[in-house]
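Worksheet: the structure to be examined is printed underneath.
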Amino acid sequence: MSTVVAQSLHVFGLRSHVANNIFFFDEQIIIFPSGNHCVKYNVDQKWQKFIPGSDKSQGMLALSISPNRRYLAISETVQEKPIITIYELSSIPCRKRKILNNFDFPVQRFISMAFSPDSKYLLTQTSPPESNLVYWLWEKQKVMAMIRTDSQNNAAYQVSFNPQDNTQVCVTGNGMFKLLRFAEGTLKQTNFQRGESQNYLAHAWVSEDKIIVGTDTGKLFLFESGDQRWETSIMVKELSSETKNVGKIQESESLIEFPTISSPVPSYEQVTLARSLSQLTMPQVFAIAAYSKGFACSAGPGRVLLFEKMEEKDFYRESREIRIPVDAQSNEPSQSDKQDILCLCFSPSEETLVASTSKNQLYSITMSLTEISKCSFSNGGHLFAAVNGNVIHIFTTTSLENVSNLKGHTGKVRSIVWNADDSKLISCGTDGAVYEWNLSSGKRETECVLKSCSYNCVTVSPDSKIIFAVGSDQTLKEIADSSVLREISAIDVIYTAIVISHSGRMIFVGTSVGTIRAMKYPLPLQKEFNEYQAHAGPITKMSLTFDDQFLLTVAEDGCLFTWKVFDKDGRGIKREREVGFAEEVLVTKTDMEEKAQIMLELKTRVEELKMENEYQLRLKDMNYSEKIKELTDKFLQEMESLKTKNQVLRTEKEKQDVSHRERIEDLLDKQSRELQDLECCNNQKLLLEYEKYQELQLKSQRMQEEYEKQLRDNDETKSQALEELTEFYEAKLQEKTTLLEEAQEDVRQQLREFEETKKQIEEDEDREIQDIKTKYEKKLRDEKESNLRLKGETGIMRKKFSSLQKEIEERTNDIEVLKGEQVKLQGVIKSLEKDILGLKREIQERDETIQDKEKRIYDLKKKNQELEKFKFVLDYKIKELKKQIEPRENEIKVMKEQIQEMEAELERFHKQNTQLELNIAELWQKLRATDQEMHRERQKERDLEALVRRFKTDLHNCVAYIQEPRLLKEKVRALFEKYVQRADMVEIAGLNTDLQQEYARQREHLERNLATLKKKVVKESELHRTDYVRIMQENVSLIKEINELRRELKFTRSQVYDLEAALKLTKKLRPQDVPETVSSEDMPGITPTMRLNEQEETGRIIEMQRLEIQRLRDQIQEQEQVPGFHPLAGIRLPSLVQSEVDIEVKTN
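Under the working numbering, the first residue of the sequence shown is numbered 10, with each subsequent residue one higher.
Right, here's the structure in full:
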């Protein structure tokens, strides 16, 4: 009996007590724990894939996903032992990458984990009483560092890495907020807790150095580098029964709703048991998740708050509140908003937020709030278009399904319009673009872009050929085939809206002034329109009814106008074609139910008819099977008769095969002889080349001997030069030693002089300080007096200014009374105004001078204070030095004697040092000289090698043209100009006579070698050409034989068909009308067993011939690879693939 296999298909359930129990793998897939598995759930396609836990596992405790979404870490207990398993999510199915189960430290279980930003390290927190924080290099299963987070057995709830730094980690728990840094193999705490200890439940990094932390009392703290920067409290908002349903978010939908488990929840109960009666009303922050704008946090039962960063400050403000909606399908709908949110996670694009709750529920919250600015229904009513910024969304009206999104505008879309048959959509925007969209493909068909114009509205003619657009450039544009046909000026008014009648005879345009203009279509060349005053603001939208009888207009003044449309005679405008009635008919629900019952009855009838038809088909199958048996018996008898004929034909074929084999053996013998001849020729050539190689070796040995002689001569000259240099520098050394002794005596005299000058300077400094003090005091008095004078002058000037202002006021009164004297007194007023301006400037300049002098006084006071401090310090130092001088004078005498002895030793050391330095300098000079010579020689060698390589490549390129003498001559001439003339023109001046002679000798040698090589190449090319012609002739003869064999095969096949026709089994077919492949279904008389032997024999012959041709081709390719051999122009072998295809076609 076969074994029974059960495979997990779908799972319902969530392990809410697992730490970090919800993650996003990508935009559509989430990962959560369920049972002893982790589930990968696709939100859109609703499929599940399972990551199984360890065997004999007692349950998962914590999860963690790496930042690059490649690895998943699962903490479990297996047989009361903790295990961490790391899975590779990128492989399908997910495979185990590492298992951490051997621990050198005591541990009961791991309650929280986190991956480093580069996913190389793993941070794990153990449960009390150990409470160890372990820093892993998880790929090598190596513990990098370990530290005990709490000695009082308080619980730690969460650990995390700095998102920008592998070395900085954070731990939060009951009375615990620690920032640690990994350095030199240890974890060291970098912050110190201040104030009252809180029960920190969750935290999240919002930047490189800022962390948001939540507590069990509803408080949020912002820490920057370990110091508290911001604090806020979350308040509980109790909603009334009427507003509860309104306050619940509509954008959140339950992804998976699970029944609550009966087993207790350890991690959640640790917190809930610690609650006191006074804290029941305070919301607890169990989860925090950061995103680009700020962070989201749980704020009590069934409530999530979104905080956004303020632009001016580094603080956060509450921007949005989200509540869990009431579950109408639940047994206790009122309990749905009383479940605590334990984990939050944002999608990679931050468009959705997923939350897991204490009641084993998962909720999805959409973050993007789309603002629809424009909306337009299609003419058929089955679709509508909605504008969101620069994107146009197309939805179905029945199911609200987003059919397509039209993206292309760079600015805001201002207007959209459908064509008559709803196949296209026309849009315009502030970016100066008018696009025509094909809705079936979602792509642009035509476009017209004018960046200088910001379009306000667009419409399309009834035949969908011409587009009308209005914008900020005060024109009405007529657009067709992506180009502007006409532009009609608006005459100092901006058109803001446009609409065309369904008949295509009228155009109505709205302006920014609030007027409406009625025009005829086609548009007139001159100003021909009727203008009506309607609104008190710019018109935003216009629309005509389906029968062109009424016009509706809306403007920014908040008014809606309806207009009756007439012609000149006061009659309503008629449409050319009447509006057809809709084909749809309204049906009641009872009619629909009756139709549904009729449909069910018809379905049952169809099933009954199917059963009857199947029964009849079975009967027919039985009859046909009996007839088939009779026919098979007849065909078997006919097959036996054909087999006998086939054996006769086989014997004839065998005779032909023997003759073909004999011919092939003869050909093989010929080919082997020719190969032996070729080998002999090649061996002779190799011997000649080897002799040349030996001659070249002898020449190179001679060259080496000459260079060695030159090196010996250079060494002798160097040794003589070194001896002369040593004598010269020894004489210099003696002179320097005498100079050193004289310099030392000078130094001693200078020291004595320095002590005397030091005493004199100290006395002079005291005098100078007193002089400076008296000077600056005098300056201060002078500046104060000048300041007082200036203040008095400014007061006088201000009084003058006020008196002048009074005079100006009196004069203005006189001007009002005496208007007749206005002309005479204008000159006086202007002169007085100029005086006032001059006085103001003088006052400003004097104020500026006063400020500058006050600044100088302040600076001088500062300098005076500093000098007094300096004087006090110097006085104090002088007193101390005087006290220290008397006991130290005796010590100085003793020290002087020691110094004299040390100086004598120093002189000896200096002499030794100078001697050693001279030796080192000489050795360095020798080294540098030898290095320079080495570099020169190496550079020469590299240059020569590069020149030889270039010459070889150019010579090899010349050899390619050996069959064309004219081109060869040109290439050789170019070689001569490149390597002989230019080089000689540039380098002859700097070369020695010996090198020139050597160069000429080598050139002659190379020219001789080139001449001999040319002769050899010509001879070898002639030999190869004859061989190539001979092989071609043999190939042609082989192809002829193959063609003869094909003809014989054709003839035998025609005989077979004639025999079949004689037996009257098949129709007589001519040989040229036979198809390429005859299947067993088309020719039931010919069985596959009859044709197998024929095909096998012909296949063997063809395979033999194919191998022979391939071997000949390989020989030709080998000979072509020989240098100097080129095939004859104009001769091409037939392609092997084409010949094989021809053979297969003819055999078939």
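Glycine is no exception: its CB is placed at the ideal position from the N, C-alpha and C atoms.
How is residue i classed by DSSP in three states: helix, strand or coil?
{"i": "Ser276", "result": "Bear in mind that the predicted position of Ser276 carries a pLDDT of just 45, short of 50, making it unreliable; the figure below should be weighed with that in mind. Residue state, collapsed to three classes: helix."}
{"i": "His402", "result": "strand"}
{"i": "Leu748", "result": "helix"}
{"i": "Trp933", "result": "helix"}
{"i": "Leu953", "result": "helix"}
{"i": "Lys302", "result": "coil"}
{"i": "Phe191", "result": "strand"}
{"i": "Ser17", "result": "coil"}
{"i": "Leu314", "result": "strand"}
{"i": "Arg514", "result": "coil"}
{"i": "Ser491", "result": "coil"}
{"i": "Val756", "result": "helix"}
{"i": "Ser473", "result": "coil"}
{"i": "Glu330", "result": "strand"}
{"i": "Glu739", "result": "helix"}
{"i": "Ser25", "result": "coil"}
{"i": "Leu541", "result": "The residue asked about is misnamed: residue 541 is Tyr in this sequence, not Leu. Reduced to three states, the DSSP call for Tyr541 is strand."}
{"i": "Lys550", "result": "strand"}
{"i": "Thr858", "result": "helix"}
{"i": "Pro3", "result": "A query on residue 3 cannot be resolved here, the shown segment of the chain reaching from 10 to 1157 and no further."}
{"i": "Ala1070", "result": "helix"}
{"i": "Met911", "result": "helix"}
{"i": "Lys55", "result": "coil"}
{"i": "Leu676", "result": "helix"}
{"i": "Leu1078", "result": "Confidence at Leu1078 is low in this model, with a pLDDT of 41, below 50, so its placement is unreliable and the value that follows should be read with caution. If DSSP states are grouped into helix, strand and coil, Leu1078 belongs with coil."}
{"i": "Cys47", "result": "strand"}
Less than 8 angstroms separating the beta-carbons of residue i and residue j?
{"i": "Lys228", "j": "Glu240", "result": "yes"}
{"i": "Ile548", "j": "Thr520", "result": "yes"}
{"i": "Leu927", "j": "Leu742", "result": "yes"}
{"i": "Ser449", "j": "Ser432", "result": "yes"}
{"i": "Asn200", "j": "Gly235", "result": "yes"}
{"i": "Ile39", "j": "Cys103", "result": "no"}
{"i": "Lys529", "j": "Arg514", "result": "yes"}
{"i": "Gly441", "j": "Arg423", "result": "no"}
{"i": "Gly303", "j": "Lys322", "result": "no"}
{"i": "Tyr444", "j": "Arg453", "result": "yes"}
{"i": "Asn162", "j": "Pro138", "result": "yes"}
{"i": "Ala308", "j": "Leu314", "result": "yes"}
{"i": "Val52", "j": "Ser382", "result": "no"}
Taking the DSSP output, what are the residues bridged to residue i?
{"i": "Trp147", "result": "Partner(s): none; Trp147 has no beta bridge."}
{"i": "Cys352", "result": "Ser365"}
{"i": "Ile817", "result": "According to DSSP, which records beta bridges pairwise, Ile817 is partnered with nothing at all."}
{"i": "Gly519", "result": "Ala506, Ile525"}
{"i": "Gly480", "result": "Tyr464"}
{"i": "Cys179", "result": "Ser169, Leu188"}
{"i": "Pro91", "result": "Thr86"}
{"i": "Gln1119", "result": "Gln1119 pairs with nothing; no bridge assigned."}
{"i": "Asp174", "result": "Asn171"}
{"i": "Ala1158", "result": "This structure leaves residue 1158 out entirely; the chain is present only between 10 and 1157."}
{"i": "Trp239", "result": "Leu231"}
{"i": "Tyr988", "result": "Paired residue(s): none; Tyr988 is not in a bridge."}
Task: Meets three-Cβ-pair contact criterion under 8 angstroms: the region 109-124 and the region 66-77 - done: yes
Task: Validate contact between the region 842-857 and the region 877-893 using beta carbons, cut 8 angstroms, 3 pairs - done: no
Open item on the list: Quick test of the definition: if touching needs 3 or more C-beta pairs under 8 angstroms, does the region 1061-1068 touch the region 1112-1126?
Closed with: no
TODO: Evaluate contact between the region 890-910 and the region 804-812, counting only Cβ atoms and requiring at least three cross-stretch pairs below 8 angstroms.
DONE: no
Task: the region 397-405 touching the region 356-371, judged by at least three CB pairs closer than 8 angstroms - done: no
Open item on the list: Does the region 552-567 come into contact with the region 597-612, if we say contact requires no fewer than three beta-carbon pairs (one atom in each stretch) closer than 8 angstroms?
Closed with: no
Open item on the list: Count Cβ pairs between the region 813-830 and the region 749-758 that sit closer than 8 angstroms; are there 3 or more?
Closed with: Cβ pair count under 8 angstroms is below three, so no.
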